[in-house]
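Taken in order, these protein sequences are the chains called A and B. Counting in this note's numbering, the first sequence runs from 1 upward without gaps. Counting in this note's numbering, the second sequence runs from 1001 upward without gaps. Beta carbons are placed, not taken as given, at the ideal position from N, Cα and C, and that holds for glycine. The model shown is predicted, which means the values in this text are computed figures rather than measured ones. Below is one structure, written out as structure tokens, with a few remarks after it.
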Amino acid sequence: MYDKSMRKTHSLIQVAMALMDDPGGRHWGYDLSKRSGVRSGVLYPTLQRMLDEGWARDGWEEQDGVRAKRPPRRYYELTDKGKAELGALLNEARRDARFRSLVGQFA
Amino acid sequence: MGSVITQVIAWPTLLVSLLIFGFAPSAVLRMIVLAFRRDDPRRTELLAELPHVPRIERPFWVCEQLEVALFEGLAGRVAALITRKRHSRDRSTQEPGRAHMLLNVGDVLPVVRNVSGFEYADILAEALSTARRRLLIISPFAAKAVVNRDFMARLKHGLRAGVEITIACGDGEDNSFPDKYTLRRLSKLAARYEGFTFARIKNLHAKILICDSTCVRASDNWLAFRSDPDESCRIEVGMLEFFTDRVDERYARYRSLVDDKGISYASQQAGCRRMP
Chain A
1 MYDKSMRKTH SLIQVAMALM DDPGGRHWGY DLSKRSGVRS GVLYPTLQRM
51 LDEGWARDGW EEQDGVRAKR PPRRYYELTD KGKAELGALL NEARRDARFR
101 SLVGQFA
Chain B
1001 MGSVITQVIA WPTLLVSLLI FGFAPSAVLR MIVLAFRRDD PRRTELLAEL
1051 PHVPRIERPF WVCEQLEVAL FEGLAGRVAA LITRKRHSRD RSTQEPGRAH
1101 MLLNVGDVLP VVRNVSGFEY ADILAEALST ARRRLLIISP FAAKAVVNRD
1151 FMARLKHGLR AGVEITIACG DGEDNSFPDK YTLRRLSKLA ARYEGFTFAR
1201 IKNLHAKILI CDSTCVRASD NWLAFRSDPD ESCRIEVGML EFFTDRVDER
1251 YARYRSLVDD KGISYASQQA GCRRMP
């Protein structure tokens, strides 16, 4: 099920866990980096690969315009394909000795 | 070396760094994001994220973005610049070369000649590099062996130079072609560039390449002639025509076929920003 084109790494698993914490929600870059414990230099390329693979889609937050004093943020959402792929990835990681301790606490 | 380290860790340097990163992280970040390409959404994304970073963490977070910008933004820019330079050099130096002679055989008189299957790769490469006004490729099958990184770079370069490019694929109900990499690459490009049309046409079996005033009809797929590495060399033929009027007529016919019966792949990438 899991598409092998994305190399399975610790950071990918960490990002996958953070995203699958709330599979239907919107995720923001900084927040995702804090929750996954992955630094920006790794997080953004991972998210970009997920976008390329069609696992996630991005968008810009809607704002009131005049009232907003800050620029709109970019969010990431999982697609149905992404949910299935990341679910399969985490299942595989649970069986993999390298990632077992990492995924162990993830329900 | 020792004096440099002393300078770096000297109090004035540390104070200035603290002042800049501590009190004006937004200004520093605005400069950092300039390393990303103009169309890179991360330019805006990082600036929008800054207010959500706790004040105490901002200097460190901004420093982290400097690393990202240097390794991704700047590296990406340099790579794009090198590719662009290489392709513009190819275009400007190609006039007397053999490849150029493959397509623009009749600068004055109309020409018709046979084309062998061995010439397909050179003709395709030349068409991508030398097209000035228009390029139309009709190929039922498309595979990543042909639509590779070099192909994509040439295609992008042509689009940036204002060439109108049309690619039509599709064969009956078979969804195995184009393969998913090719489909994704070309769809993304079509969603970004107005001048690029990428469509699927059912029951398509023609193999046509039109580059400006030259039309080449082939017996094999223009975008999949290298799809199977195990396949032995097949005998393929084709016909090249250099007739301005006739090629104009053919181009109009195939474009209207794409406009009327083509299903755009670009709609699948509607979220992408289009480039003018």
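The continuous alpha helix (DSSP H) containing B/Phe1151 extends over residues 1149 to 1160. Per the coordinates, the alpha-carbon of B/Leu1070 lies some 15 Å from the alpha-carbon of A/Leu43. For B/Phe1196, the enclosing beta strand (DSSP E) has its first and last residue at 1196 to 1200. Closest by C-alpha distance to B/Glu1049, out of A/Pro45, A/Gly54, A/Val15, A/Tyr30, is A/Tyr30. Taking 8 Å as the Cβ-Cβ cut-off, the stretch 12 to 42 of chain A approaches chain B at Trp28, Gly29, Tyr30, Asp31, Arg39, Ser40, Gly41, given in chain order. At least one beta carbon of chain B lies nearer than 8 Å to the beta carbon of A/Arg70. Under a criterion of Cβ atoms nearer than 7 Å, the residues of chain A adjacent to B/Leu1047 are, in order, Pro71. Distance from B/Lys1207 to B/Ile1138 at the Cβ level is roughly 6 Å; contact confirmed, criterion being Cβ atoms closer than 8 Å.
Using a CB distance below 8 Å, the part of the stretch 74 to 102 of chain A facing chain B consists of Arg74, ordered along the chain.
Assignment of A/Arg74 by DSSP, reduced to helix, strand and coil, places it in the strand class. For A/Gly29, no beta strand (DSSP E) run applies; the uninterrupted alpha helix (DSSP H) run containing it begins and ends at 29 to 36, by DSSP.
If you look at B/Ala1048, you'll find it in the alpha helix (DSSP H) that goes 1042 to 1049. Boundaries for B/Glu1119: no alpha helix (DSSP H) harbours it, and the DSSP string shows neither H nor E there. No Cβ of chain A is located within less than 8 Å of the beta carbon of B/Pro1025. In chain order, Gly41 make up the part of chain A whose C-beta sits under 8 Å from the C-beta of B/Phe1071. Exposure of B/Val1078 is indicated by the presence of fewer than 16 other C-beta atoms within 10 angstroms of its C-beta. Excluding its 5 nearest sequence neighbours in each direction, B/Leu1204 has C-beta neighbours in its own chain below 8 Å: Ile1138, Pro1140, Ala1168, Cys1169, Gly1170, Asp1171, listed in chain order. The criterion of a C-beta distance shorter than 8 Å is satisfied by A/Arg74 and B/Pro1041. B/Leu1240 and B/Arg1217 have their alpha carbons spaced roughly 6 Å apart.
Looking from the CA of B/Lys1202, the closest CA among B/Thr1013, B/Arg1058, B/Leu1014, B/Lys1261 belongs to B/Lys1261.
By the CB criterion at 8 Å, B/Leu1029 and B/Val1062 fall inside the cutoff.
Not one beta carbon of chain A lies nearer than 8 Å to the beta carbon of B/Thr1006. Among the residues facing chain A, B/His1052 is included, as its CB has a counterpart in that chain under 8 Å away. Contact between A/Leu90 and A/Met6 is absent: CB atoms are separated by about 13 Å, not below the 8 Å threshold. Taking C-beta atoms as the reference points, A/Gly82 and A/Trp55 count as a pair closer than 8 Å.
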